[in-house]
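What follows is a set of notes on a single structure, which appears directly below.
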Amino acid sequence: METLDDIARDLAVRLGTMDHPGLVPAIDGRLAQLPAEAVAAVRPPGDAGAVIISGLQVDDARLGPTPGSWREAAGTGLEFELILLLLARAAGEPFGWRGQQDGRLVNSIVPSRGQEASQTGASSATTLAPHTEDAFHPRRANLLLLGCLRNPVRVGTTIASVRRTRLDHDQQQLLAEPALPILPDTSYGTHHDQEAAPGVPTLWTGPDGTTLRYDPAYTPLDRATPAHRAAYARLSGELDRVSVTAALGAGELLMIDNDVAVHGRVPFRARYDGTDRWLKRINVRLRDRPRRPAEATEDGYGEELVEPFRHG
Numbered sequence: 001m002e003t004l005d006d007i008a009r010d011l012a013v014r015l016g017t018m019d020h021p022g023l024v025p026a027i028d029g030r031l032a033q034l035p036a037e038a039v040a041a042v043r044p045p046g047d048a049g050a051v052i053i054s055g056l057q058v059d060d061a062r063l064g065p066t067p068g069s070w071r072e073a074a075g076t077g078l079e080f081e082l083i084l085l086l087l088a089r090a091a092g093e094p095f096g097w098r099g100q101q102d103g104r105l106v107n108s109i110v111p112s113r114g115q116e117a118s119q120t121g122a123s124s125a126t127t128l129a130p131h132t133e134d135a136f137h138p139r140r141a142n143l144l145l146l147g148c149l150r151n152p153v154r155v156g157t158t159i160a161s162v163r164r165t166r167l168d169h170d171q172q173q174l175l176a177e178p179a180l181p182i183l184p185d186t187s188y189g190t191h192h193d194q195e196a197a198p199g200v201p202t203l204w205t206g207p208d209g210t211t212l213r214y215d216p217a218y219t220p221l222d223r224a225t226p227a228h229r230a231a232y233a234r235l236s237g238e239l240d241r242v243s244v245t246a247a248l249g250a251g252e253l254l255m256i257d258n259d260v261a262v263h264g265r266v267p268f269r270a271r272y273d274g275t276d277r278w279l280k281r282i283n284v285r286l287r288d289r290p291r292r293p294a295e296a297t298e299d300g301y302g303e304e305l306v307e308p309f310r311h312g
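Quick look at the structure:
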């Protein structure tokens, strides 16, 4: 029986690039051959909000140095990208953003000069605040896959499940009100109309339990009432209290339920010497987990999805 690595290696030889026009049918054509344990590993992780999957193959010698930006990372780590894409497809529908990293399905997360203090994945010297990935958009990912190619100094990714927090009834009610907008982060540009942005709830109860949509770095909390700000601060404190840190090693994948858990990153000193932390990221939507009906009226600030695996 072929392993996940065998399948990815064969696809890499056949396709040669992630831009090959036959990528989607090639991935879909191999799903039935995936090992059962690989398919089981990418089921949603439940109330914990995240799970680490180990044992993915990384050949450090063939990778070359960590790129200095996502643009320089184009075309690197092909076999690993295919492994992640196979797992993402086994979980649901992988997608990208037309306005982010040129619409690539698999994004590179590396520290970049000049971005050290930004609230994006390219930062390093500052704490990346816990957040829902792409919280500004009604069609954001349900699952987020972060695969590690390199992390020699064990930089930690933080994860906190909202279902581990404790809030009183009044706080929950306040945070369920669509009081404040969430704006796109600067990786999508800075041209968005902030004044016309609709308010969205931070918390609500979904079919499986409490769900959140949270990005304090891009939420204009100064517009909120004192009571709402206090409830938001309580939620932030609770997420900090229940937060755990995962220092991924090469060949490990962190799968996050983006509706249940927020994630961030501890600060670190980027060396820009070719050995810095290097992750690959894929967004996944689950067809059997619809969004709240109210989100259907949101335009997502005009940001469009790249959805080659969506059928119907």
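At position 187 of the sequence shown the residue is numbered 187 (UniProt numbering), and the sequence of numbers has no breaks. In this text, a Cβ means the ideal position worked out from N, Cα and C, and glycines have one as well.
Please report the straight-line C-alpha distance between residue i and residue j, rounded to a whole angstrom.
i, j, result
"A90", "A231", "38 Å"
"A61", "A40", "30 Å"
"L4", "F95", "21 Å"
"R223", "L180", "7 Å"
"V284", "W97", "12 Å"
"Q33", "R289", "25 Å"
"E177", "T211", "13 Å"
"T157", "R265", "4 Å"
"L143", "L286", "8 Å"
"residue 313", "P138", "It is not possible to answer for residue 313, since the shown part of the chain is limited to 1 through 312."
"L86", "A160", "26 Å"
"G75", "C148", "16 Å"
"A26", "R9", "13 Å"
"E2", "P35", "8 Å"
"V244", "D208", "22 Å"
"G249", "R150", "7 Å"
"P308", "G274", "33 Å"
"Q101", "V306", "11 Å"
"D276", "L253", "17 Å"
Mind checking which residues open and close the alpha helix (DSSP H) that includes residue i?
i, result
"R229", "226 to 242"
"G274", "Neither: G274 is in no alpha helix (DSSP H) and is coded neither H nor E."
"R9", "4 to 15"
"R62", "60 to 63"
"P138", "Per DSSP, P138 belongs to no alpha helix (DSSP H) and is neither H nor E."
"G29", "23 to 30"
Residue i lies in the beta strand (DSSP E); which residues open and close that run?
i, result
"I53", "50 to 53"
"residue 313", "Summary: the structure shown does not reach residue 313, with the chain confined to residues 1 through 312, and so no result is reported for it."
"G264", "261 to 265"
"D257", "253 to 257"
"A217", "No beta strand (DSSP E) holds A217; DSSP gives it neither H nor E."
"R150", "143 to 150"
Tell me, please, which residues DSSP counts as bridged to residue i.
i, result
"G209", "G206"
"H131", "H263"
"S124", "S124 is not bridged to any residue."
"residue 334", "Outside the shown range of the chain (1 to 312) lies residue 334, about which nothing can therefore be said."
"R289", "R289 is not bridged to any residue."
"R223", "None, per the DSSP bridge assignment."
"V39", "The partner list for V39 (beta bridge, DSSP) is empty, contrary to what the question assumes."
"R310", "For R310, which the question treats as bridged, DSSP gives no partner whatsoever."
Do we get a CB-CB distance below 8 Å when we pair residue i with the residues of chain B?
i, result
"G22", "Any reference to chain B falls outside this structure, which holds one protein chain only."
Residue ranges of each beta strand (DSSP E) within the region 65 to 113, 3 or longer: Fully enclosed beta strand (DSSP E) runs of 3 or longer: 93 to 97, 107 to 109.
Touch test, the region 163 to 172 against the region 66 to 75, Cβ-Cβ under 8 Å, three pairs minimum: No, because fewer than three Cβ pairs between the region 163 to 172 and the region 66 to 75 fall closer than 8 Å, the two stretches do not touch.
Stretch pair the region 40 to 52 + the region 98 to 109: three plus CB contacts closer than 8 Å: No, because fewer than three Cβ pairs between the region 40 to 52 and the region 98 to 109 fall closer than 8 Å, the two stretches do not touch.
Cβ contact (3+ pairs, closer than 8 Å) linking the region 116 to 132 and the region 292 to 312: Short answer: they don't touch.
At least three beta-carbon pairs within less than 8 Å, the region 129 to 141 to the region 251 to 259: A contact exists between the region 129 to 141 and the region 251 to 259.
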